[in-house]
Amino acid sequence: MSVLIVIPARYASTRYPAKPLAELKGCTGVGRSLIQRAWEAASAVSGVDRVVVATDDDRIKHAAEAFGAEVVMTPESCANGTERCASAYDILGSDAEIVVNLQGDAPLTPHWFVEDLMNAMRNTPESDIATPVLRCDGRALNGFLADRKAGRVGGTTAVFDTHMRAMYFSKEVVPFTSATYPNEAMTPVFHHVGVYAYRPKALAAYPTWPVGPLEQLEGLEQLRFMEQGGTVRCVEVQAKGRQFWELNNPEDVPVLEQMMRDMGIE
Numbered sequence: 001m002s003v004l005i006v007i008p009a010r011y012a013s014t015r016y017p018a019k020p021l022a023e024l025k026g027c028t029g030v031g032r033s034l035i036q037r038a039w040e041a042a043s044a045v046s047g048v049d050r051v052v053v054a055t056d057d058d059r060i061k062h063a064a065e066a067f068g069a070e071v072v073m074t075p076e077s078c079a080n081g082t083e084r085c086a087s088a089y090d091i092l093g094s095d096a097e098i099v100v101n102l103q104g105d106a107p108l109t110p111h112w113f114v115e116d117l118m119n120a121m122r123n124t125p126e127s128d129i130a131t132p133v134l135r136c137d138g139r140a141l142n143g144f145l146a147d148r149k150a151g152r153v154g155g156t157t158a159v160f161d162t163h164m165r166a167m168y169f170s171k172e173v174v175p176f177t178s179a180t181y182p183n184e185a186m187t188p189v190f191h192h193v194g195v196y197a198y199r200p201k202a203l204a205a206y207p208t209w210p211v212g213p214l215e216q217l218e219g220l221e222q223l224r225f226m227e228q229g230g231t232v233r234c235v236e237v238q239a240k241g242r243q244f245w246e247l248n249n250p251e252d253v254p255v256l257e258q259m260m261r262d263m264g265i266e
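Here the numbering used here is used: the first residue of the sequence shown is 1, the next is one more, and so on.
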């Protein structure tokens, strides 16, 4: 099945304006923009036919083209990454059978997260959308709890049924647990990884649906599928020794840079 990866990127982020152009320094001390690192992560995925950056801002367009990315300009009216992916797919006239949204704030996404996602879509034709989940160790869970205590919106958590069908996603830490976990211990909380794979039909329908109350409250685009009765499949992925974090707030920059140093990422 043919695969298109779209990296949606907007300049006017509420929590972190100009975030795609934020510089991240790896283990060599050389800085590269967030959007370039996201593009490099997407380019490392095997079995992909095309990778594009979708934006509505000339500054991001010029920066992306400077490092060799293909760019598609999408409307400013796109409310989130999924709407931007739908617009990009339509503008490109693509015939890809799977569209992957690799959001520009997740530059540490390992290639196997996306490959596992693509395989899940191939093997479960009833799934409208699939997204990875990663079991939190104590370090990750404690980081989420610290963010919430400090009033910061950090990562998203996911709960799902025994058939891996999503039941809910939240920016709160769910499910609740009163236990205390050492850094290396596994926990019952799953981190939702900000990558999605869609069927083109479901992706095309998405912008025509109204924003529901849950999506509005949580600010999570995938809840629109669930509020419309769609099946969102969660795909558990393995870290394999890799650390994972997303750039949600300026305070996340040193966290990501330390992770890149620890993992030897340039």
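No residue lacks a Cβ here, since even glycine has one placed at the ideal position from N, Cα and C.
Distance between residue j and residue i (C-alpha atoms, nearest Å)
i, j, result
"Pro-254", "Gly-151", "18 Å"
"Gly-81", "Glu-221", "8 Å"
"Pro-125", "Met-226", "17 Å"
"Ala-64", "Ile-35", "7 Å"
"Asp-90", "Gln-238", "33 Å"
"Gly-143", "Ser-13", "22 Å"
"Arg-261", "Arg-37", "14 Å"
"Glu-218", "Val-153", "10 Å"
Helix, strand or coil at residue i according to DSSP, with G and I counted as helix
i, result
"Phe-160", "strand"
"Met-1", "coil"
"Lys-240", "coil"
"Leu-24", "strand"
"Arg-84", "helix"
"Thr-55", "strand"
"Pro-74", "It should be noted that the sequence gives Thr, not Pro, for residue 74. It is coil, neither helix nor strand."
"Pro-8", "strand"
"Ser-33", "strand"
"Val-48", "coil"
"Arg-233", "strand"
"Glu-227", "helix"
Residue i and residue j closer than 8 Å at C-beta
i, j, result
"Asp-116", "Val-235", "yes"
"Ala-44", "Ile-7", "no"
"Pro-20", "Ile-60", "yes"
"Val-173", "Leu-145", "yes"
"Val-52", "Glu-70", "yes"
"Val-72", "Cys-136", "no"
"Glu-257", "Leu-24", "yes"
Residues near residue i by beta carbon distance below 6 Å, same chain, minus five either side
i, result
"Thr-156", "Phe-169, Lys-171, His-192"
"Gly-264", "Cys-27"
Neighbourhood of residue i by C-beta, 7 Å cutoff - its chain only, sequence neighbours within 5 removed
i, result
"Val-3", "Gly-47, Val-48, Asp-49, Ala-96, Ile-98, Val-100, Met-118"
"Val-30", "Glu-266"
"Gly-138", "Tyr-181, Pro-182, Asn-183, Glu-184, Ala-185, Thr-187"
"Met-1", "Glu-97, Ile-98, Arg-122"
"Pro-207", "Glu-83, Ala-86"
Chain-order list of residues whose beta-carbon lies under 8 Å from that of residue i (same chain, five-residue window excluded)
i, result
"Gly-212", "Leu-223, Arg-224, Glu-227, Gln-228"
"Met-167", "Val-159, Phe-160, Asp-161"
"Val-195", "Val-100, Asn-101, Leu-102, Gln-103, Ala-106, Thr-109, Phe-113, Val-114, Leu-117, Thr-131, Pro-132"
8 Å Cβ cutoff, residue i in contact with chain C
i, result
"Gly-154", "Considering every chain present, this structure includes no chain C. It has just one protein chain."
Unbroken stretches of the beta strand (DSSP E), 3 residues or longer, contained in the segment 98-138 = 98-102, 129-137
message = For a minimum of 3 consecutive residues, which ranges assigned as the beta strand (DSSP E) are wholly contained in the segment 138-216?
response = 156-160, 166-170, 186-192, 195-198
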